[in-house]
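Only one structure is covered here, and it is reproduced in the block below.
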Amino acid sequence: MPKVTVDGLELEVPAGATVLQACEMAGKEIPRFCYHERLSIAGNCRMCLVEVAPGPPKPQASCALPATEGQIIKTDSPMVKKAREGVMEFLLINHPLDCPICDQGGECDLQDQSVAYGRGASRFEENKRAVTEKYMGPIVKTAMTRCIQCTRCVRFTEEVAGIEEVGAIGRGENMQITTYLEHAMQSELSGNVVDLCPVGALTSKPYAFEARPWELKKTPSIDVMDAVGTNIRLDSRGRAVLRALPRINDDVNEEWASDKTRHAVDGLTHRRLDKPYIRKDGKLVAASWAEAFEVIKANWSGDAAVIAGDQVDCETMFAARALAGASMLEGRQTGLAYDTSSLSAVNFNTTIAGVENADVILLVGSDLRREAPLVNTRIQNAIRKRGAKVFAIGPVTDLTYKVEWLGDDLSALAKAPKALADALNAAERPAIIVGGGALRYEGVHGAALAFASKYKLVRDGWNGFNVLHFAAARMGGLMLGYAHDGGIKALAAKSPKLAFFLAADEADYSLFAGSFKVYVGHHGDNGAHHADVILPGAAYSEKSGTYVNLEGRVQRGERAVFPPGDAREDWAIFRALSDVLGKRLPFDSLEALRVEMFNAVPALGVEGLADYGWSEPTLPSAVNGKIADYPIKDFYLTNAICRASETMQRCSAELVHGTQYLEAAE
Amino acid sequence: MADAAHTPNEADARAQFGAFAFSAENKKTADMYVGRYPAGRQQSAVMALLDLAQRQVGEETHTQGWLPVPVIEYVASYLGMPYMRAYEVATFYTMYNLAPVGRFHVQVCGTTPCMLRGSDDIMAACKNRGLVKGATTPDGMFTLNEVECMGNCASAPMVQINDDNYEDLDYDSMTAILQDLSDGKQPKVGTQLPGRHTVEPYGGATTLQAMVDKNHDYRGEY
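So the protein sequences, as listed, match chains A and B.
Using the numbering used here, you'd call the opening residue of the first sequence number 611 and step up by one each time.
Using the numbering used here, you'd call the opening residue of the second sequence number 37 and step up by one each time.
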């Protein structure tokens, strides 16, 4: 624990801290461009210069200098001021003065820091350098003349996204940042380089010229594109959500978000259901709320089935359960029917942050890169930082890191190959991750549990048994009882007279041919095509909701905008419908609903990790067969919001299906 | 690099060099280079291998060789490294040609010492023989480039042609060298001054004269 003095303030800093971190601990702001807490240190922008004694009598880059005992650091001396002004002047030599037409304007590090630390005027009268734009794919727009070569994007793609496609070519003044031969970045996390770029060189292509940051209303929310529960901030103007940005949460998403999280928001304004519809003579006809409710009443017999979609919040599911009864609830639309008697046995027990500490990881039928990109980066971290070994059962796929593939035969789970068994026996913190792709097969859940007890994956202070869901509503749904014995097929076999579908677009509607189908959702997708009555609901941006992510973390998001047209928040729809059906629900506000919900499921009342305890159900564990494929075929088109999003359609066409787009000449 | 030759079309390069592989002899050399590094650090051999590949391309095309994209990719996969990392190396160093060059790659130093000693004359000699900066002559013989300091300041001005340096040049000697080369003769390598061998003081020592014949301790004379 070295003691240092920063501007006369003496403080103790953790061993291994840099001078920059020491200065921050002392409450001093150090300007920087290339340094980023979550990336490796490059030390090439020189903006963080400070004066350090003992040491050479010149300014030193604080980001790359270890803090040592007895250092006297000055961050406000004339030398430092002059050094910063000099660096800033050099950085601005080749930076264009196009802030008025730059999308970074208003949230630009270079802009802010040149105001705070710059000279105010340039002495450079020669021509500025110009760099051709680089194609980086459908998400990232480039204006490389603005690049100050901090290489944050290069380090991010290598260290976090795990792809080495971005680099710096050329040298000196001719150095340019580009993707390999200007191919599109093949990453689910490419949008993060936009946030990382301290200048306007990399900006968001779908968001280009949409808004200035100070015009936007910022609402904290939770992402529903996958089950990670990425903490996001929705930036809206008027009635439209213009962009989604990650919020920092070290336990969940650090400060990253997948491209789907960021850029599916333009789907929120397309293909929306904005008024109720009733099917008359096989055709959906617009109707009023009262008419729609009357038709439902005609088919009401006291209870109903409820099929919850993948993106539904807990409040909606609770309101639907309160109205329709708890006997016919299901959230696993695609037909999964695993045992849910113990929630801990279907939870990601290691936790998202905790999986970084694992030393041996076995993936079973899980295409993590598509199912939960931000869990994938954690595993990459486990490999990179702690030398973890990763084995996988399933068809070979590119997960961005080195995996020892054990073939797609599930028998490897019953009898581990020697390499795996040896690694597990020697491991201190072994973990298994069972993906939704494997849970389709009979016995896998039981076999995985048996595997876990055989190799003691659950031990003191460590729970290495994980199931990886990829629906944002899954864990919340399971806590609210949205799991029918035998899955959706068994539920359909009960032939319910009335069935509510809560934005359920992946379900097989042919199973419910005999039921009267009411679709409560926000997009005119698969569910709406099959519905007898459509009640327009709210998307995740349009309601305050509680979500439980794959590790059982209860999180709440807030409403950013209002639903379009006649659409209403889902819980209010059920409340209004309950009046018509003569079964008035006992809540008139979201707060009242939440009180009811917390009474029914207390764990939902506490934000943070829900404690499921650890109990192993006894399940049949005989497995045979092979894992044929992974459930997510197209990362960019997994739900109704994505499918309505032009950006996601373009990403899918270009990055998954290889369609070539010609850039229009400007 | 404003005057650098434009990199040829990627598709053409792939069509021509898509099947590139080290010759048996070069493969042996490549493995020798790779073997110099400890296991897991094979990527360190990338510079040597890129050079080797460039020379092989040169042999195949009867030029000084260059690095088409598929060749860079071949080297990258040979070492198990991402294409981008090998590409970065190839673009960083000026010794790797990213565009085809001629039989003789003439690199004229134009940095201050050479400029003061008359590199403009050398350039003029090249120009008068029809060489154009950044381009190859129509007969495919010469490619001319101006480069920065090559570390021969004591015998400036100098040019590097292929793997050889020619030093202490003037307009006439440069013209003669180019003539010899196009005639298929090998000109004298190194300094062109009569009586000079390397970079020893030309015309006798002007400083430290007491040390010419035997060692002399100057310290008492400070």
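Where is the CB? At the ideal position from N, CA and C, for every residue including glycine.
On a predicted model such as this, the values are computed, not experimentally measured, just so you know.
Within chain B, the residues placing a beta-carbon under 7 Å from that of residue 779 of chain A are 123, 124, 127, ordered along the chain. Beta-bridge analysis with DSSP links residue 613 of chain A to A:622. The C-alpha of residue 171 of chain B is placed about 17 Å away from the C-alpha of residue 104 of chain B.
With a cutoff of 8 Å on beta-carbon distance, residue 108 of chain B and residue 126 of chain B are scored as near each other. Scanning the region 765-829 of chain A from its first residue to its last, the whole alpha helix (DSSP H) runs of 4-plus residues come out as 802-806. For the pair residue 798 of chain A and residue 1245 of chain A, the CB atoms are nearer than the 8 Å cut-off. Taking residue 843 of chain A as the centre and dropping the five residues before and after it, the same chain places the C-beta of 828, 829, 830, 831, 854, 855, 856, 857 closer than 8 Å to its C-beta, in chain order. Look at residue 200 of chain B here: in three-state DSSP terms it is strand. Residue range 899-908 is occupied by the alpha helix (DSSP H) that includes residue 901 of chain A, with no beta strand (DSSP E) assigned at that position. Collapsing the DSSP output to three states places residue 80 of chain B in a helix. Here residue 752 of chain A is buried: its Cβ has 16 or more other Cβ atoms, across all protein chains shown, within 10 Å.
For residue 654 of chain A, the secondary structure class from DSSP, reduced to helix, strand or coil, is coil. Each residue's CA atom was taken as its position, placing residue 922 of chain A and residue 1231 of chain A some 32 Å apart.
By the CB criterion at 8 Å, residue 951 of chain A and residue 1223 of chain A fall outside the cutoff. At least one C-beta of chain A is nearer than 8 Å to the C-beta of residue 119 of chain B. Excluding five sequence positions before and after residue 1194 of chain A, the CB atoms of its chain that fall closer than 6 Å to its own CB belong to 1188, given in chain order. In the DSSP assignment, residue 872 of chain A falls outside any beta strand (DSSP E) and within the unbroken alpha helix (DSSP H) covering 869-873. Under the three-state reduction of DSSP, residue 99 of chain B is assigned to coil, being neither helix nor strand.
Taking a cut-off of 8 Å for Cβ pairs, the region 737-757 of chain A and the region 778-788 of chain A touch, as three or more such pairs fall below it. When CB distances to chain A are screened at a threshold of 8 Å, the residues of the region 90-105 of chain B falling below it are 105, in chain order.
Between residue 118 of chain B and residue 774 of chain A, the CB-CB gap stays under 8 Å.
Residue 131 of chain B and residue 186 of chain B have their C-alpha atoms some 11 Å from each other. At a cut-off of 8 Å, the C-beta of residue 182 of chain B has no neighbouring C-beta in chain A. Among the residues facing chain B, residue 776 of chain A is included, as its CB has a counterpart in that chain under 8 Å away. Counting only the Cα atoms, residue 175 of chain B lies some 19 Å from residue 210 of chain B. Within the region 202-247 of chain B, the runs of alpha helix (DSSP H) that reach at least 4 residues and sit entirely inside it are, in chain order, 207-218. Going by C-alpha positions, residue 1105 of chain A is about 19 Å away from residue 1091 of chain A. At a cut-off of 8 Å, the C-beta of residue 791 of chain A has a neighbouring C-beta in chain B. Spatial neighbours of residue 650 of chain A in its own chain (CB-CB distance under 7 Å, excluding positions within 5 residues in sequence) are listed in chain order as 765, 769. Cβ atoms of residue 884 of chain A and residue 1177 of chain A come within 8 Å of each other, at about 5 Å. The region 1141-1160 of chain A and the region 1179-1186 of chain A touch, with three or more beta-carbon pairs separated by less than 8 Å.
With respect to chain A, the C-beta atom of residue 203 of chain B has no partner C-beta closer than 8 Å. Excluding residues up to 5 positions away in sequence, 115, 117 lie with their Cβ nearer than 6 Å to the Cβ of residue 79 of chain B in the same chain. If you check the CB distance, residue 134 of chain B and residue 162 of chain B do not come in under 8 Å. Of the residues assessed, residue 801 of chain A falls on the buried side of the cut-off, its CB having 16 or more other CB atoms within 10 angstroms.
Counted as a single uninterrupted DSSP element, the beta strand (DSSP E) harbouring residue 854 of chain A occupies residues 850-856.
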